[in-house]
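Here's the structure we're looking at; comments come further down.
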Ligand SMILES: Cc1ncc(C[n+]2csc(CCOP(=O)(O)OP(=O)(O)O)c2C)c(N)n1
Ligand SMILES: Cc1ncc(C[n+]2csc(CCOP(=O)(O)OP(=O)(O)O)c2C)c(N)n1
Ligand SMILES: [Mg+2]
Ligand SMILES: [Mg+2]
């Protein structure tokens, strides 16, 4: 294993895939010579040239549409929408075009494209640069949604996303780019649709993903010292959802809390809770709970920003209330 | 009461509000002289003139943004986005602008605008003209979401939406426009955020909204003949959600099915199911179930289209499975 | 400044091109007349947007393309589809919602695509095909082939933001895309004069750094000439072109729209310049045109029979395949 | 065709206008220098996009407005905000995230609005203010007042679809909106030459049916003159105008961007045309300018003190208010 930052792991994935397949190319704002605002694409422009690492004007709707078109003629575009908030400008192309082409055309063409984007609060960037909007994509048949929490997952899942025949919304988190972790030396592709048990436990299951995985692991460590054994299931891929892993963890512990940063109302937590109720009601010792973002846009001030998303303390408290 | 079509009830609401308040005005595609594709605005152009009933080019993003701006300077724009599918072009203005201005500005300005739009399957209009996308708006703090099922509700809720200080996404259903029902003779405003028990019952609660309300009522009538008493709670407003009515019906019957046309994965049914589990677990006799749209874009062919959304038979069968 | 439509007649293209264009125009016309008939009989549902009156645009533009070139189409797409070489049987089956159709009955009139001839498909979202075509152009560049893309869209779409964004993008990257703006003067019932203060739509090319040309869209020969020039430039790596082809619908926006808002006098003028009659006149050989017509008539009859006798999609098979989406 | 920038000096506007513009420019400059200092000290967080070098655009345009007129701003909005008459105390408090700020600490630099002087606010989404301003113009028309809207945005935004859509909409309806395109030649690190094949951005006005004018954006007097003319037309009901003001940032895209991609020689040229120095020179009365400077310095000092001593928003109060959203 090599110690690597999340953003380096992403870069390695892109680099290896570009090396392997000349049909992979990148588009986005200031991703070329400048290497991207979060430095994910640094060095790739120099290595692969301006034909494959392409800066775009500020035209999210159309460069996303371009990815659809390029995918339809056989390429594998990977585009960067710098903040998931800006993906709102490209929703027609993502929801009505990319997600539907395979279906509408009766299987005449798939759309192998990746929309890399980034969400979450935590840097005082306020309401239009801090949202967690994965639920909007999760609801759309035809889209896959991936949200890795570690460098290794970022690496292996991005490679799988690029190789996937269908459109993938790949959502990074601004607080993860600089986090470090071990990444396998040998080339590794992590299949989409498989959750990862980041910590085994027997008393309570925390179902989570992306940056909240780190907070859940912190909470689990704290709870261990109080004698509570917490299992942390990192979904990694939201869609397709790894129901089996979630269900078997739920059956084992009988107590489940879903933890996500996105606003609770209409967040994916409700969907998973309902699924658990539908499929494992008799194995549950009580209601599935949700610990999730507050029902508000994210404010600029850091104190109140912090209050909008679940903290380690919130998770610890939630678990304690449950056991 | 006067017998009226749903679309006539909508028109009456707009007409009365335009009469009452000169700051109410309309924008949309072919809504003026032509009266709108579903004839909701028929006659209003003649009555209020081209200054207040305004045809736009095909520019959903910008005319939605115009509504935000007009609302900020004191008007009450009511815009029509002909299909909710096309609202994907206007998501930035709805999600990042309209929903957030009041918050971002620290309360310096509200955005009293209504986005009238229309969703649902049923006419062979295929994947880009048949979606049920309310969950995308439901998840966004700062937006209200209204989905009436009857002419009376359409009338009273649209009036409330126009008078509301905050942005309202008002979602009609293509199969409802021509349905008829009694509408009160005297002016009536139905407050947002209150569900309506469309049928009382004691054995099972169906929580539903929009066109599915009609199917639930049909199912309830069939079930009555089998001796099963079904309560049909029509949410009418999804956000704010009338938790109290849902909870007390759930406590009464102990058995709840949420029925919606939208795709189950990530639909609002999960949110309501989770809420019920969190707040009324001990009063439930078993898991809350969801009967919802299939996990697919809507196809053109009528037979397979029909198979994608819940039928009366599906609902009946769901209830029978539960009791 | 856009080039004004050429005065007088257009120079004759090679004979096979001319005959091919007539075949496209005649087939589109007959196909749509049949669709309207079937619609009235309740055998076709949903939206159906006839292209009648505009056929010379698709015929002329597609005549300038190789089979490997791509097109991107619109909700009013039958003409593009047929001109690019569609199989009438599969088209008719799709529009009748049959399992044997191009899209297995998932798409209908508004969504036909045809992979075999590189027709990337129609679209129910006005304007959405424009960036998709632009991206196809980028894909071609990345893959290093000498293919070209023609994207069709109409005046209404040209007021949508993706039009401007896409011209601009194609301009910067020098993409092999021909933007074919079919100015039929209406978006549903909204005349283009009410939808923009600038009706010189070709002039928007230069505003985004690409050439803009205007042509008589009812003259298949003229459309062919301009399209061929633009396609040749694109193929040589000289980048995109915007072509505005002025034309007119012979009826309402869709099959259920009587189009009462259209000025009958103006409509009559355009009908007098019917692209079908003009192209047949250009052939000026009744035997040749009659031969084409007979072939198409037979093909169409077979298509209707095929579609009529084809099965509906199976509900069970459909549902079996969806849970993983 | 856009009007080229006027040659030679601009005619002098009335003295109070000139002094007011200088006040705006000087205050913006000092305010931002102070912000950068506070940012380096860790007292300001998030994104901060300095307007240094572009101040003449906001100062000139806002000088042409009445208090009741509206402006719509961008992520680079301090200059617009100050020029429209903001209270530096409330601005600084907002940027420091305090409860006393314009937006109660919810917004920060990228989101300041100021209802009292009809500044509809900055925006974190590039281009999003353009349709909002267009709608404000529509609202004015519906309400029948004689107000005008000026919307600021930069070259990057002019390649976004909402720019084209909005010009077009304003043109059809004849809205009282002035589109002030501050061409500072960059969108982050992307030079405008790489973002479009047509760098005559004013020329996009006519493509959508509205006049397009080009002006030296570092010349406050010239900006004032063109803005005043456009505002007067708008107020008379003669519709919208696009004004392209050519200018340049004196530094990187935001406070943490050293801007190494900017050509030092070009930057030096633009700095030599510093709008602050030029406007001070235009006043040509050291006493008057010194007086303004002293006033602003005192105001700014008070603003920093006010902001520093203001409380953070209360978490409990914040959370108490949110569950109904
Ligand atoms: C984004 C979007 N908005 C609105 C519609 C509804 N609609 C369908 S066709 C049409 C008119 C299109 O006009 P134009 O682009 O000129 O094409 P034409 O019908 O003339 O071929 C409209 C408004 C749509 N399909 N998509
Ligand atoms: C829709 C959108 N895309 C991307 C960004 C990220 N971003 C912030 S500022 C900026 C550059 C804007 O360039 P320009 O419009 O020229 O404004 P300037 O910074 O020069 O004032 C970008 C790309 C954004 N905020 N919004
Ligand atoms: Mg048209
Ligand atoms: Mg700029």
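Protein chains in written order, with this note's numbering: chain A, 68 to 390; chain B, 68 to 390; chain C, 15 to 339; chain D, 15 to 339.
C-beta atoms are modelled at their ideal positions from N, C-alpha and C, and glycine is treated no differently.
Is DSSP giving residue 80 (chain A) helix, strand or coil here? helix
Quick check: what's the CA-CA separation for residue 321 (chain D) versus residue 364 (chain A)? 24 angstroms
Using only the heavy atoms of ligand 4, determine whether one of them is closer than 7 angstroms to the beta carbon of residue 129 (chain A). no
Closer than 7 angstroms, Cβ to Cβ, to anything on chain B: give me those residues from the region 134-151 of chain D, in chain order. 134, 135, 139, 142, 145, 146, 147, 148, 149 and 150
Hey, how far is the Cα of residue 45 (chain D) from the Cα of residue 39 (chain D)? 10 angstroms
Roughly how many angstroms lie between the CA atoms of residue 178 (chain D) and residue 172 (chain D), to the nearest whole one? 8 angstroms
Let me make sure I understand the geometry here. Which of C:216, C:312 and C:66 has the alpha-carbon closest to that of residue 223 (chain D)? C:216
Just to confirm the assignment, what range does the alpha helix (DSSP H) spanning residue 247 (chain C) have? 234-249
Starting from the beta carbon of residue 220 (chain D), find every residue of chain C whose beta carbon is closer than 7 angstroms, and list them in chain order. 212
Against chain D, with Cβ distances strictly below 8 angstroms, would residue 123 (chain B) count as a contact? yes
Mark residue 166 (chain B) as exposed unless 16 or more other C-beta atoms lie within 10 angstroms of its C-beta, in which case mark it buried. buried
Give the C-beta separation of residue 229 (chain B) and residue 143 (chain B) to the nearest angstrom, bearing in mind that I take them to be a contact with Cβ-Cβ under 8 angstroms. 6 angstroms
Am I right that residue 340 (chain A) and residue 341 (chain B) are in contact with their C-beta atoms under 8 angstroms? What's the rounded C-beta distance? 4 angstroms
Unbroken stretches of the alpha helix (DSSP H), 4 residues or longer, contained in the region 108-162 of chain A: 111-115 and 127-139
Look at the Cβ atom of residue 125 (chain A), then the Cβ atom of residue 186 (chain A), and state whether they are nearer than 8 angstroms. no
Distance, Cα to Cα, residue 292 (chain A) vs residue 285 (chain A)? 11 angstroms
For chain B, find out if any of its Cβ atoms is closer than 8 angstroms to the Cβ of residue 87 (chain D); answer yes or no. no
Can you pull the chain D residues whose beta carbon is under 7 angstroms from the beta carbon of residue 192 (chain A), in chain order? 60 and 61
Would you say residue 363 (chain B) lies against chain A (beta-carbon separation less than 8 angstroms)? yes
When the cut-off is 8 angstroms and only beta carbons count, does residue 370 (chain B) lie next to chain C? yes
Is the beta carbon of residue 174 (chain D) closer than 8 angstroms to that of residue 261 (chain D)? no
Nearest-angstrom Cα separation, counted from residue 204 (chain D) out to residue 77 (chain A): 23 angstroms
Please list, in chain order, the chain D residues whose beta carbon lies closer than 7 angstroms to that of residue 196 (chain A). 138
Cβ shell of residue 245 (chain A) (< 8 angstroms), same chain only, five flanking positions each side left out: 72, 73 and 74
So does residue 142 (chain C) have its beta carbon nearer than 7 angstroms to some heavy atom of ligand 3? no
Contact under 8 angstroms by Cβ, residue 189 (chain D) with residue 111 (chain D): no
Count the other CB atoms within 10 Å of the CB of residue 182 (chain D); is the residue buried (16 or more) or exposed (fewer)? buried
Does residue 295 (chain D) come out as helix, strand or coil in the three-state DSSP assignment? helix
Along the chain, which unbroken stretches of the beta strand (DSSP E) at least 3 residues long are found entirely within the region 108-192 of chain D? 163-168
Please determine whether the Cβ atom of residue 168 (chain C) lies at a distance below 7 angstroms from any heavy atom of ligand 6. Within the structure as shown, ligand 6 is missing, the only ligands being ligand 1, ligand 2, ligand 3 and ligand 4.
Say whether chain B places a C-beta atom closer than 8 angstroms to the C-beta of residue 332 (chain A). yes
Using the C-alpha atoms, what's the distance from residue 183 (chain B) back to residue 149 (chain B)? 8 angstroms
Would you check whether ligand 3 has a heavy atom nearer than 7 angstroms to the C-beta of residue 200 (chain C)? yes
Does residue 204 (chain D) have its Cβ less than 8 angstroms from a Cβ in chain A? yes
Could you tell me the boundaries of the beta strand (DSSP E) in which residue 318 (chain B) lies? Element bounds for residue 318 (chain B): not the beta strand (DSSP E) but the alpha helix (DSSP H), 310-320.
Step through the CB atoms of chain A and report whether any lies within less than 8 angstroms of the CB of residue 120 (chain D). yes
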